[in-house]
Structures are given as C-alpha cells and as structure tokens.
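Inspection log for the structure reproduced underneath, given as structure tokens.
Protein chains in written order, with my numbering: chain U, 3 to 484; chain H, 1294 to 1777.
See below:
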C-alpha cells in the first residue's frame, strides 16, 4: 500500500453566550446556577400569545464581534425561524439568522471568518436515570433559565490544518472575545461552545474531502483530541479504500471515540422561514458608533502583530503577551520606562515577563512588588552584561519578595557580573580544569559537549555571577578544541 | 332594561359618564343575557366588573366588552377554541385587552371562535358551533363568530375579534354588525394567541360605526412588546360624515365579478349600496386588482406556513393538554397533538409544513410571498386614483350549519373578498347593507394603510343612509325573550 499523506482541513462553528444583562428576546435576567425556572416569562416559556423583542445590547455585541473580525456588517439582517421539536425548545423553533446574517467575512489571525449571526440559546435538560440522556431516562427536567440567552454563532472558513492549530486558534478567539468584553467565554461553563467540521485530502490536493461535523468537545483539550481522533478515523477509512460519509458525530472524551448522531439522509429539515414576529434588524449608524467606541483601541491579534513586527518578538512570545492584556500592558509600561542609557532590548525584556509571571503565580504583575521600571532596569543590566542571567534570576526573586531597585540588590548581595581581569574569573576557570581532567581532555579532543561540567563548576564557584558566554570563552582559550 | 339594551355602546358610555345609568347595572344586564343565551357565543363569563374601579370617569364608561377567546386574559380561560388549550389560564393579559380595561371597558366574557381562528363558520370550535341569532340553523361566520353573534344578539354591547383573512369582517357581515380590520401593526398582537403572525390583527365588532371608532381608538398604539406594532399617526376621531362628496370609490372587477361566485341576493344589496354611495356624492367607478384572484391561493400557503410554526409550541410539555403514556417523548408529542387539534387545524399544519419543506419552499411559500408583494402593489396603484375600494364582504349570506364542512375549498371561498387586504396590510371595514332573504349582507370598504378615519367616516355616511335594523336579531335571543 502506497503511503498517501493526508492533510486535514478543519473549520469551526463556535457558539458564544453574550454577557448581556437580559435575554435575547425578553427582559428576563440572564442568570447561571440559580434555582431552576426562576428567570422566565411568557416569551421565553413560549406561552401562547407572547412575542419576541430584540435585545439591542446583544445586537451591539454582535456588531462588535463583526468589527473585531473586520467583517462586513449588514445594514439590514433578517431573523428566521428554525423549526424542530425538542423539549429544550419551547416554541419548537429557534429564532436565528439564516440567509442574511448580521456579519459576513473578515478574519482573525490566519483564519478567515465566514459569518457571524445572532440567535438564542435553548433551555437546559437534566435527565434523571442511568443513561444520562433523554433515551432511557426515568424523568427529564427542563430548566428554562438558560432559554433565550443571547448567542452569536461564528462560522470560520476551513482554514485550519491541524488539531493543535485549531486549539490554539480557538484560544486566540477566546481572548479576543474576552478582551472585547462581550462574553465570559468559559468553555467549561458552556459560554463558549465549539463544533468542528473535519475532512482530509491528499496533501497537495486543492479539492475538499467529505466532511463530518463533530459535537460535544467541551474543553480545549477535548477539541484537539476529538479532531485528532476524527482525522485518524478518516485517514484509516481512506487507507482501506473506503469513503468518508457525511454525518454528525458525537465525541466521547472518556473513550476517545466518535459515534454517529445522524447521517446526511437523517439531517433535519429545519423549514427556515423569515420570523414574522420581528421586523428586519437594522444596524443604525448609532449602533455602529456605539459598537466601535466599546471596542478596545487595539485587539489582541493586532497587538501581537505589532509586538512581532515593530519590536522583533517571536510570534509565540508576542501572542503570549498580547493575549493576556495585563501582561502586554505591563510589558509596554516597562518598555516605556526604559533607562536612559538606551541598553534596553524589547526582546530581552519580553523574555523576563514569563519568568516574573512564574514567580508570582497567575496574578497581574502590576499587583506585584516588581515595578515595570525595575524589571526594565534588570533586563537592561542583563543585556549590558552587568549581571549574568543566573544572577539576574536571583535578583528577580528578591524583587518579587521585597521589591526595591535591582541595582541595590546587586550591590548589596554582590551579584554583579565577574570579569576575567578584575575578579579573578580566570583563576576559577583554571581550578575547574584541574578539578575535572577527564572533561578537560575531552574538550581538548574536540568534544564540546564535555564543556558543560566545567562551566557548571565555575558557575557554582561564582554563585552564578559569572557570565556563561564569558566562561565558555575562557575555557576554550585554555583548552583549544574545535 | 330594554332601554339599556337599545343604547349603542357609545351612547351607553356617555350615559354612564353623565350619571344617567349605572355601569354596574349595565354590566349585569348584559351578563344575565349572555348567561341565558342559547347561541353558544360565550365560552366564559365574568362574574362582574373588577372591584373597586371607578368606571364612571373613564373614556369607555364601564361598558363591558366581549373578547374573543384567543386574547390572553390573566387567570381566565383562554383556549383559542381548542381542546389542546383546554383549561389553560394565562398568567398575563393581552395588551389590547389591558388597554381597553384601562380605558374603562371591563371584560364581559370570552367568546367562542373557530379553533386557532381557522375557519369561516365557527364550526371548527372545540366548544361547539355558535348559532346565528338571525337564524339558529345557520352559522354566524368565523372565526370571530362568537363576538359577532354576541353583539348581534345583544349579549354584549360590543366585542373584539381578530382578522387574519376575514375573521372579523365575514362574521360581522353574516351577523349584521360592523366589523373592522385595522392596518397591520395598528393594534398590538402581544397576548393574541397566534394563527398567522404576519396577518393577524385585532379589531372591533360593534353595533354601529361610531362604536367601532370609539373602541378602536382605545385599542391602537405602539407596544414595545410587539416589534411589528406601530404608532397610530393620529387620534381616531368619531365619524361625523353624512355624505360622500369628493370620495372616489373603486369597485375591483376581480372581486365582484363571476369568479367570486357572489350570490344574487348579495349582489343586489351590494349594487344598491353602490347606488346609494353615488347618491351621497361619491364617484363610483370600476378598477382593477389584477393579482387579487390569486390572493386566496397565496393566503392558504402563507397563513398555514406561519401557523405550522406558531402551533408547534403545543407539545404537551408546559401547558394545556398532555396525552402521555410510556412510549417516550415522540409518542407524547404525537398523541397530544392528535387528540388536541381538530381536523381543520391539522389540515393547515400539514399544508404549512409542506409549503416550507426543503425542495418545496421556493415553489410554494416563496411564490406566495411574491404574489403577496404583487397584491400590495396593485392596491398602491389603485389608491393613486381612488380613495377607497368597495366589495361585498362575503359572497354569501349565512349558510346552514354543516353545509360546507365536507368541502374545505368551498369553505375557503368565503374569504375571497376579504383575504387581499390583510395580505397588503391595509384596513377594511364591513357594515351591514340590508337583508337578502331575511339574512344580513355585508358591504366592505378598504383603504390605504392608516386611512381608518376616512374609512370610518365613509362607512358612517353609508350607515346613516342604509338605516339597517338589527333589532330582529337582538330580540330573537333567549336572553331577550325570557327577560333574565
């Protein structure tokens, strides 16, 4: 069997609960974790005669999301009824958008956005009994508190190429939404839900393979694992000469397996038609203005791009900072507090932020004893080799514990970098060579890996104050080697 | 007591406000008549007006109103004529009913209707047919048959109903009362149990045009709970016109020719009324509504399509009838709906579901919407040359119970002349224009959106000239006969 190499093609459909005070089509408060059916009214219970009214704040949030993707906001969009019978849907239709959504196009990072539309969430079902599902349940309870919670559905183009990329991009999306303030975006609590459309094709092919839709991946980890399992399943089928069937699959994280919910033939006919209880949704200039004003001046993706382009940070470091606004804010404050000697290097400074975060836990560094100014000084001292990297870590630990200025700590604890001439670093190097003749011999013979123990000796002896590069240079000077 | 009964609602309201009659006595007079009646117009009657209310100082003076069953009224059975809502008492009141209550028209009772407003004879009610007070062997029309019959029989001073394809105007015609369907959006639909959301409108059924204007004045207005409701552009004035000078009335050939199958007696009364209109100064001319003959087909796709979704909520889960069992969820849905809905409702749910199905949508629902647009354009064109148009309200007078139940298509033809207006969202009024073989005939006037004041004025002038006597129906009722 010739080994065809397959390329996964992945698109995501993401549902996001909006953090509005009230529901999508009625005045009931959006509430979580309260006694069942305490936040309901004739509209969200679908009592006879009750009518929906669009939540203007939800529209604004939807527009903000569209603007964040630089998509095209529809001046006039239309709500439709999506008909299906199920106890979580009291009207037996969901009010959603269909052929004229609120927003089309745009992109977030490397992924193009297909569309963004507004809709309402279903009620929550609790099934009592062994099965945990409606079939075979002894009893099922419906809690309508969640029913009618505003949702946006975000559909991407199939631009993702691996499970890892899908997971990472979803993280980018989550942070973008979090920073725009439109949602809690908590996957565990269900305010962010993600389905995936997955297909595979021979690498190099430009046509799309048959896709399947994956549901129930309720964490970032399960999203990645579910997609991986599905890619594996599809590749195995194709390798056996079989074909992928278009269907909807349920991912079971416990067994890491996928089971079919329904095939294309069993797909629902939702009988969409324009919702006659609502007039078309007009996005006025006023709503647009308000949405623009409510967006952060710079979205995380833009900030990361700026860090990369203008400051020379690596892509991953740039995202690491930009996608936690408090880190990026701290970083930029430190950057602007750069000492006047001009030695501060943005890349060097950026590398110190994760180390600071590691020492203070998940907290906001601005709440720590380490001021942006002192972190900037420390990074500048490292860059100018006034302190060694090891010593600087010690200084950072002191700063976290007691605050103060790095220079004072260096002076007080004698942590300044040692130089070969003034501080007898050469002598320490000589002692290291004498103490480990085997290693010295190997270095002489050209095995540069053996230099490690010698450098380690020197660092121990100098309590980390020596500069690693300088020590290596001195050892080589004495032993020759390659 | 009979003096009270002879007062129109507007006159009764004025008398209450002037201190000449007592609103409590008025309420009790009608309540007692309604309770004693044998025409099955009511499904529920109030015990009395709300306690501790000073109705004398209100605009409507405590003159009680009969309300079609499908208006939700808090704590009061609101069943839309259906078994599936048997015993259902809503926790809230429809906006229109609340507005009337606030204006001083307390709820007298809930009136019988065709199930979910689907019907033209009131024979589709789960609570039995209403009998026409002019002839108890005949239907009152529908779907607001209970409201029309109650007003005609003097069981209520006035009533409200809903009109989707003719459900106010047609029973008004068959019972010899005034019925008006306002501009779509003029009255809030909040709390009206929906049949077809893009067509349903509440409106008055009254003894005369002045009563209709007075009641409508207190029904209209933008409601923030109904996104499709609109601010009425003016106060609805009480009609004063006594002539039709300067009014151009168009008579659409398509709705008055042979196609509609208008009965001879109805045609005669219609033409006599047109002659009267000319005598009052109106210019009466033929006009064209080229797409109007397709209105019925479009209506019987759009209305069932919307109904198929509107009625999907009656699933036995939260309220109303539930026929459960141990066969699971799907069986509960099926059994509940099989037992709860009558045959006409089931027929329309099936029709509507089919019209919206994948692969058929464009051919049926989509095509019907295009026809609807054409019909609205036809009216716009006609109203460039005419102020109002006139047609018979119904092709027939009241027919015998059971005469058309076996033939749904024949039944649907009732709506031939009334369906184009709701498709275009425009207002129309039906007034009695005489008798044919002892049965009332309805004359319909329609005008552009929000032309209610002009419509009411014209109807008022005609009404004065016609001088229709509704006395026989009022005196026919058991409540009247035994004097209880």
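Where a beta carbon is used, it is the ideal one built from N, C-alpha and C, also for glycine.
- Counting only Cβ-Cβ distances below 8 Å, residue 100(U) has no contacts in chain H at all, with the closest Cβ about 11 Å away.
- Listed along chain U is no residue with a C-beta nearer than 8 Å to that of residue 1680(H); the closest approach is about 28 Å.
- Excluding its 5 nearest sequence neighbours in each direction, residue 50(U) has no C-beta neighbour in its own chain below 7 Å.
- Secondary structure note for residue 1541(H): its beta strand (DSSP E) is the uninterrupted segment 1541-1545.
- Nearest to residue 89(U) by alpha-carbon distance, out of 1349(H), 1625(H), 1600(H), is 1625(H).
- For residue 1468(H), the uninterrupted alpha helix (DSSP H) segment begins and ends at 1462-1468.
- In summary, the residues of the segment 1645-1662 of chain H whose CB is separated from some CB of chain U by less than 8 Å are 1646, 1649, 1650, 1651, 1654, 1658, in the order they occur in the chain.
- For the segment 1474-1507 of chain H, not one full-length alpha helix (DSSP H) segment reaches 4 residues or more.
- Membership of residue 405(U) in any alpha helix (DSSP H) is not indicated, and neither H nor E is assigned to it by DSSP.
- If you look at residue 1645(H), you'll find it in the alpha helix (DSSP H) that goes 1636-1649.
- At a cut-off of 7 Å between beta-carbon atoms, residue 87(U) makes contact with chain H.
- Positions of the alpha helix (DSSP H) runs, each at least 4 residues long and wholly inside the segment 132-171 of chain U, cannot be given because no such run exists.
- In the three-state DSSP reduction, residue 239(U) falls in the helix class (H, G or I).
- For the pair residue 39(U) and residue 22(U), the Cα-to-Cα distance works out to about 19 Å.
- Residue-level contact check: residue 1485(H) touches chain U, since one or more beta carbons of chain U fall below 7 Å from its beta carbon.
- For residue 1385(H), the chain U residues whose C-beta falls within less than 9 Å of its own C-beta are 43, 44, 49, 51, 52, listed in chain order.
- Within the segment 1487-1509 of chain H, those residues whose Cβ lies closer than 8 Å to any Cβ of chain U are, in chain order, 1487, 1489, 1490, 1491.
- Taking C-alpha positions only, residue 1544(H) is separated from residue 1581(H) by approximately 8 Å.
- Under a criterion of Cβ atoms nearer than 8 Å, the residues of chain H adjacent to residue 280(U) are, in order, 1520, 1521.
- Looking at 1749(H), 1583(H), 1665(H), 1637(H), the one whose alpha-carbon comes closest to that of residue 1699(H) is 1637(H).
- Using beta-carbon distances, residue 55(U) counts as an interface residue toward chain H, with a partner under 7 Å.
- Straight-line spacing of the CA atoms in residue 378(U) and residue 298(U) works out to 26 Å.
- The beta strand (DSSP E) runs of length 3 or more contained entirely in the segment 244-309 of chain U are, from start to end of the chain, 249-254, 259-265.
- Excluding the 5 residues flanking it on each side, residue 1513(H) has same chain C-beta neighbours closer than 6 Å at 1479, 1480, 1525, in chain order.
- Taking all protein chains in view, the Cβ of residue 1716(H) is crowded by 16 or more other Cβ atoms within 10 Å, so the residue is classified as buried.
- With a threshold of 16 other beta carbon atoms within 10 Å, residue 1474(H) meets it and is buried.
- The residues 1476, 1477, 1478, 1669, 1742, in chain order, have a CB closer than 8 Å to that of residue 1718(H) in the same chain once the five nearest residues on each side in sequence are set aside.
- Close to residue 94(U), with beta-carbon spacing below 8 Å, are these residues of chain H in chain order: 1602, 1605, 1606, 1608.
- Beta-bridge analysis with DSSP links residue 1352(H) to no other residue.
- Residue 91(U) and residue 283(U) have their C-alpha atoms roughly 23 Å apart.
- In the DSSP assignment, residue 71(U) falls outside any beta strand (DSSP E), carrying neither H nor E.
- Interface annotation, residue 63(U): not in contact with chain H, CB-CB separation never under 7 Å.
- An exposed status is given to residue 223(U), since fewer than 16 other beta-carbon atoms sit within 10 Å of its beta-carbon.
- Secondary structure of residue 354(U) (DSSP, three-state): helix.
- Here residue 78(U) carries a strand assignment [DSSP, helix/strand/coil].
- Neighbourhood of residue 1626(H) in chain U, by CB distance below 7 Å: 87, in chain order.
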